Amino acid sequence: MFGQNLPPGAGAPGPDLANTGQVIASYTNYAGAQRAVDYLSDHEFPVENTAIVGADLRMVENVLGRLTAGKAAASGAASGAWFGLMIGLFLGIFAVRAHGWLWLVLMGLVWGIAAGALFGWLGYKALGGRRDFVSTSQIVASRYDVVVRPDLAERARNLVGRLEL
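Take 1 as the starting number for the sequence shown in full-length UniProt numbering and just add one per residue.
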């Protein structure tokens, strides 16, 4: 059956530690909270009773630059190239002659680039200037709390206290 080799409690819904657990440490970044849980694990603490809870969440969108019709077409061409190459290689498996295989791969690549560029350009034009920029977005927290089951909180607090020394 699926999941039989997992340790007890792994992958199974556990207690709602975000609401019932005790905060043993708080960090300004996720890496700090991750380091604390890793330290607990290294010292054989039952980390399946631990959670990292982000507080005061906000969505941050970083604008990378202006999007133009040319950039949209180029991005589409790059995506299309990979897709066309994959299709060409797949069809090339069934080619009888060696030069037929190479021709199919190259044609797949060319058609993929052309179709990707066209669809990228059309997608840009369809937006009508409503989103002329490229960006990435992520959810960040102002604080990351490490919480554990209340009956294990004192032990965890003592261990993590040694980490911060």
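Using N, Cα and C, we set each Cβ at its ideal position, and we do this for glycine too.
These numbers were taken from a predicted model, which means no experiment stands behind them.
From the DSSP output, which residues share a beta bridge with F133?
-> Taking the sequence shown and counting its residues from 1, the one referred to as residue 133 is at position 133. Partner(s): R66.
For S41, the residue or residues it bridges with in DSSP = Position 41 of the sequence shown holds residue 41. Per DSSP, none; premise fails for S41.
Pairwise C-alpha distance: F94 and Q34 = By one-based count along the sequence shown, residue 34 stands at place 34. By one-based count along the sequence shown, residue 94 stands at place 94. Here the C-alpha atom of Q34 lies approximately 49 Å from the C-alpha atom of F94.
Contact between the stretch 42-62 and the stretch 147-157 (3+ Cβ pairs under 8 Å) | Contact annotation: the stretch 42-62 touches the stretch 147-157, with at least three C-beta pairs closer than 8 Å.
Identify, in the order they occur along the chain, each residue of the same chain with its Cβ nearer than 7 Å to the Cβ of A55, setting aside the five sequence neighbours on each side.
-> Along the sequence shown, one-based indexing puts residue 55 at 55. The answer, listed in chain order, is A141, S142, R143, D145.
May I ask you to report which of helix, strand or coil DSSP gives G84?
-> By 1-based counting over the sequence shown, the position of residue 84 is 84. The three-state reading of DSSP puts G84 in helix, counting H, G and I together.
Pick from L89, N158, G70, L57 that is closest to T28, judged by C-alpha positions = Reading the sequence shown from its first residue, position 28 is the one you call residue 28. The residue with the shortest Cα to Cα distance from T28 is L57.
Using beta-carbon positions only, say whether V160 and A31 come within less than 7 Å of one another.
-> Residue mapping note: residue 160 aligns to position 160 of the sequence shown, counting from 1. Residue mapping note: residue 31 aligns to position 31 of the sequence shown, counting from 1. It is not a contact, given that the beta carbons lie outside the stated cut-off.
Could you please give me the residues that DSSP links to M59 through a beta bridge?
-> For the purposes of this step, residue 59 is taken as the residue at position 59 of the sequence shown. By DSSP's assignment, M59 forms a beta bridge with I139.
Can you tell me where the beta strand (DSSP E) with A25 in it begins and where it stops?
-> Along the sequence shown, read from residue 1 onward, the residue named residue 25 stands at position 25. Per DSSP, A25 belongs to the beta strand (DSSP E) from 22-27.
Buried versus exposed call for V148 [16 or more other C-beta atoms within 10 Å across all chains shown] | Position 148 of the sequence shown holds residue 148. Counting the other Cβ atoms within 10 Å of the Cβ of V148 gives 16 or more, which makes it buried.
What residues are listed by DSSP as bridge partners for A51?
-> To locate residue 51, count along the sequence shown from 1; it is residue 51. Paired residue(s): V147.
Compare the beta carbon distance of A77 and A36 with 7 Å and say whether it is the shorter of the two.
-> Locating residue 77 in the sequence shown gives position 77, counting from the first residue. Locating residue 36 in the sequence shown gives position 36, counting from the first residue. No; because the gap between Cβ atoms is not below 7 Å, this pair is not in contact.
For L102, is the classification buried or exposed, using 16 other Cβ atoms within 10 angstroms of its Cβ as the cut-off for buried?
-> Your numbering for residue 102 matches position 102 in the sequence shown. Exposed, since its Cβ has fewer than 16 Cβ neighbours within 10 Å.
Taking 7 Å as the CB-CB limit, is V63 close to chain C?
-> Note that chain C does not occur in the displayed structure, where there is just one protein chain.
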